[in-house]
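Residues in the sequence shown are numbered from 22 upward in steps of one, following the working numbering.
Beta carbons are placed, not taken as given, at the ideal position from N, Cα and C, and that holds for glycine.
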Amino acid sequence: MLKGKVALVTGASRGLGREIALTLAGYGAAVIVNYNGSKEKAEELVGEIVSGGGNAVAIQGSVADCNACEKMIAFAMEKYGRLDILVNNAGITKDNLVMKISEEDFDAVMDTNLKGTFNCIKQVYRPFLKQKSGRIINLTSVTGLLGNAGQANYAASKAGVIGLTKSVARELASRGITVNAVAPGFIDTDMTRAMSAPAKQAVLGQIPLGKAGTPKDVAETVAFLASDKAAYITGQVISVDGGMHM
22 MLKGKVALVT
32 GASRGLGREI
42 ALTLAGYGAA
52 VIVNYNGSKE
62 KAEELVGEIV
72 SGGGNAVAIQ
82 GSVADCNACE
92 KMIAFAMEKY
102 GRLDILVNNA
112 GITKDNLVMK
122 ISEEDFDAVM
132 DTNLKGTFNC
142 IKQVYRPFLK
152 QKSGRIINLT
162 SVTGLLGNAG
172 QANYAASKAG
182 VIGLTKSVAR
192 ELASRGITVN
202 AVAPGFIDTD
212 MTRAMSAPAK
222 QAVLGQIPLG
232 KAGTPKDVAE
242 TVAFLASDKA
252 AYITGQVISV
262 DGGMHM
């Protein structure tokens, strides 16, 4: 489905990013695994992809740093001669009530989640325009659609990603470049497994399907949007949340 394509996945050393990288590689894409601090995990992921017959390399860089993003895209173009898929997955949380969120914590979340997405999109603009093709998939969240107490900074950043997605989709549509967002809901990850049983049940009670999603559910949606099968889909937010937001 993605044979011959080159993908860059930000924040790919663990969690959803890791599953997305594995899935794209499984469909034949060469994958550039971006990480910020988890070098060992990124190299493990590259090793897993390569040992399975795939093509992958790791590159360090904070998406909050515009210069680092420029170097990442330059690296992709130098190594592979092209870039076809950008998955903006890198994100952080610094949860607290609004009255307790420090300016530093608010800025850190916005810089990584929203500005980081913008930084990477800006750097792929010229290569994608020159190719007259490309797929941009931004990871937002059900929290960006519904809001969540104690996550005002995170919700604001993810809502911003939705507005950014739709604006860039309109700018690039005439060149055959699609831009979409995926909004995961309650996904079975290390973070959600650490929640107390009552907290889990409270969330599950809000999900019509009555269960948590898996990282694979999210990764397969990203892979579909990255493929030619989704050529007529742009500017959309695809919720992978079991009906939590409808």
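About 5 Å separates the beta carbon of VAL163 from that of MET265, a gap short enough to meet the 8 Å contact definition. A distance of 8 Å or more separates the beta carbons of THR161 and VAL130. Assignment of beta strand (DSSP E) within the segment 193 to 221, counting only whole runs of 3 or more residues, yields 198 to 205 in chain order. Taking GLY206 as reference, the option from ASN76, GLY231 and LEU66 with the minimal CA-CA separation is GLY231.
Non-local beta-carbon contacts of THR199 in its own chain, meaning distances under 6 Å to residues more than five positions away in sequence, involve ARG156 and THR255 in chain order.
ALA233 places its beta carbon 8 Å or farther from that of ASP211.
Runs of the beta strand (DSSP E) spanning 3 or more residues and lying entirely within the segment 99 to 141 occur at 106 to 109, in chain order. For SER83, the secondary structure class from DSSP, reduced to helix, strand or coil, is coil. Distance between LYS221 and THR213, taken at the CA atoms: about 8 Å.
Distance from the CA atom of GLY112 to the CA atom of LEU43, rounded to whole angstroms, is 18 Å. In the DSSP assignment, SER260 falls within the beta strand (DSSP E) that extends over 258 to 261. For ARG156, the beta-bridge partners assigned by DSSP are ILE106 and THR199. The Cβ neighbour count for ALA223, taken over all protein chains shown within 10 Å, is under 16; the residue is labelled exposed. Between VAL84 and ASN159, the C-beta spacing is not below 8 Å. If the five residues before and after SER34 are omitted, its C-beta is found closer than 7 Å to the C-beta atoms of VAL54, TYR56, SER59, LYS62, ALA63 and LEU66, all from its own chain and listed in chain order.
With respect to the 8 Å criterion, VAL239 and GLU40 are classified as neighbours on the basis of their beta carbons.
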